[in-house]
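Quick notes on the structure that follows.
2 protein chains.
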Amino acid sequence: MPYGFVGSMRARPGRRGEVVAILLEGTDGLRAAGCSLYAVGVPEGDPDLIMVTEIWESKKHHDDSLHLPETKAAIARAMPLLTGEFSSQEMTVLGGLGV
Amino acid sequence: MPYGFVGSMRARPGRRGEVVAILLEGTDGLRAAGCSLYAVGVPEGDPDLIMVTEIWESKKHHDDSLHLPETKAAIARAMPLLTGEFSSQEMTVLGGLGV
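Taken in sequence, the protein lines are chains Z and L.
Reading the first sequence from the start, the letters are residues 2 to 100 in my numbering.
Reading the second sequence from the start, the letters are residues 2 to 100 in my numbering.
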């Protein structure tokens, strides 16, 4: 069953655009790593929040991706721009459209 | 920009499988209605929670879909199986993979 991840992170005031740019840079290798969806979004009414929604072949594919050099580099660049407030929800994807 | 929706709902004890089945029934018409992703998932460690992740061409496409007869019928069937505890987060999808 595919693995789903929905997370949020809070940027320091005024830095959200930079974080979004970093998150959208390294998407080329994602499909080869087992990712079928990686969506970066922003809610209305909260100028600092960023949402990331991901679907992977398995939790292992997702976890392994965190060790890729480009992923680690992106995380290292983004972290100083974030407040440290994160949320996450993992799930097993049972079906639907586009999954 | 695409519109994203991440929501959760809580099934009455023992009824989650029925709700998931209802949610997965009516997916045929979603693409024609402007939906590119509709994922029904369940988290580990919570036997009654259901997560729904959706990406649509626009918020209007999503909102209009709630008025389709098949959607209204599915909602009517699912509601008695739910506790009434819902969460939702709307977003503008800025980019990624598969969006």
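Glycine is no exception: its CB is placed at the ideal position from the N, C-alpha and C atoms.
Check, Outcome
"Segment contact flag, the segment 71-84 of chain Z with the segment 61-69 of chain L, C-beta cutoff 8 angstroms, min 3 pairs", "no"
"Option in L/Leu38, L/His63, L/Glu58 with minimal Cα separation from glycine 5 of chain Z", "L/Leu38"
"Within chain L, partners of glutamate 19 of chain Z - CB distance below 8 angstroms", "Within 8 angstroms Cβ-Cβ: nothing; glutamate 19 of chain Z doesn't reach chain L, min ~13 angstroms."
"Beta-ladder partner(s) of arginine 11 of chain Z, from DSSP", "Z/Leu50"
"At least 3 beta-carbon pairs within less than 8 angstroms: the segment 41-58 of chain Z vs the segment 8-17 of chain Z", "yes"
"Contact with chain L by arginine 16 of chain Z, beta-carbon distance below 8 angstroms", "no"
"Proline 48 of chain Z: contacting residues in chain L (beta-carbon distance under 7 angstroms)", "Residues of chain L passing the Cβ test: none, with the nearest at roughly 12 angstroms."
"Of the listed residues Z/Val100, Z/Met2, Z/Gly96, Z/Glu91, nearest to aspartate 47 of chain L (C-alpha basis)", "Z/Glu91"
"Chain-ordered residues of the segment 28-62 of chain L with a beta carbon less than 7 angstroms from chain Z", "Thr28, Leu31, Arg32, Cys36, Ser37, Leu38, Tyr39, Ala40, Val41, Gly42, Val43, Pro44, Glu45, Met52, Thr54, Ile56"
"8 angstroms Cβ cutoff, methionine 92 of chain Z in contact with chain L", "yes"
"Buried/exposed call for arginine 32 of chain Z, threshold 16 Cβ in 10 Å", "exposed"
"Which of helix, strand or coil DSSP assigns to methionine 80 of chain Z", "helix"
"Under the three-state DSSP convention, the category glycine 97 of chain Z falls into", "strand"
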